[in-house]
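Data block below; observations after.
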Amino acid sequence: MRKLFFIFFILFILSACSQRENIDAIEDEEEDEVLSIQDVKIPDVIFTSKKQNSVIDEEEMKLSIKTYLDSFEELSNASEPFQEYIDEEEELTTEELEKLDKINKLIKENDENFSNYILNNTLPEGYKEESERISHYITALNELLPNVNIKSIIDKGKVVNGKEQKKIEDFLDQKKIDTKAFGRQL
15 MRKLFFIFFI LFILSACSQR ENIDAIEDEE EDEVLSIQDV KIPDVIFTSK KQNSVIDEEE
75 MKLSIKTYLD SFEELSNASE PFQEYIDEEE ELTTEELEKL DKINKLIKEN DENFSNYILN
135 NTLPEGYKEE SERISHYITA LNELLPNVNI KSIIDKGKVV NGKEQKKIED FLDQKKIDTK
195 AFGRQL
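FYI, in the numbering used here the residues of the sequence shown are 15 to 200.
What follows is the structure, encoded as structure tokens:
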């Protein structure tokens, strides 16, 4: 009986050590996954619409919100390595600066396109207020991130906060809108 106990005990210790090695390997892989600036691919899809004074149905509105938020997430992910580089006070090359500038222009264009879309069209019932909330939140967040300082945090904190994020998440859940942003992969 004692031998059996020791065998199980040794197996337990070996499996625990093996598990720790697996966790270490996963952590190393995650560190390697951080994109270098050279590896950044600029997303080629942002929210666009030429619709003006149109009545938007619910399915189109859901797709519009999804496209806008997915584009936001992809652009944010693309700009992240640049922000880390800048935070470390490293100098960017001309090519890297051009890439970052292109990403920032796409971020702004994505925000403006969605804002114009929701302002210049008739949205389905129950979407107007929440679509505006999403637009204001994402636009404020995009303006806040590259310009982090105390004044901007105070100014944008009225729009970008956990309470507003929760309202957006609840709306996305309620309408079953599957997006990359807000961890909403349904």
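The beta carbon of each residue, even a glycine, is placed where N, CA and C say it ideally should be.
| Query | Result |
| --- | --- |
| Taking leucine 155 as the reference, give the member of Ile132, Asn118, Asn134, Thr193 with the closest Cα. | Asn118 |
| Would you report the Cα separation of isoleucine 70 and serine 63, rounded to the nearest angstrom? | 11 Å |
| Can you tell me whether valine 174 is buried or exposed, with buried defined as 16 or more other CB within 10 angstroms of its CB? | buried |
| Taking the continuous alpha helix (DSSP H) assigned at asparagine 124, which residues delimit it? | 108-133 |
| Looking at the unbroken alpha helix (DSSP H) that takes in leucine 137, where does it start and where does it end? | First-last for leucine 137: undefined, no H or E at that position. |
| What do you get for lysine 113, buried or exposed, if any count of 16 or more other CB atoms within 10 angstroms of its CB means buried? | buried |
| In chain order, what residues of the same chain lie with their CB nearer than 6 Å to the CB of isoleucine 148, ignoring the 5 residues before and after it? | Ile182 |
| May I have the straight-line CA-CA distance separating valine 59 from aspartate 125, to the nearest angstrom? | 13 Å |
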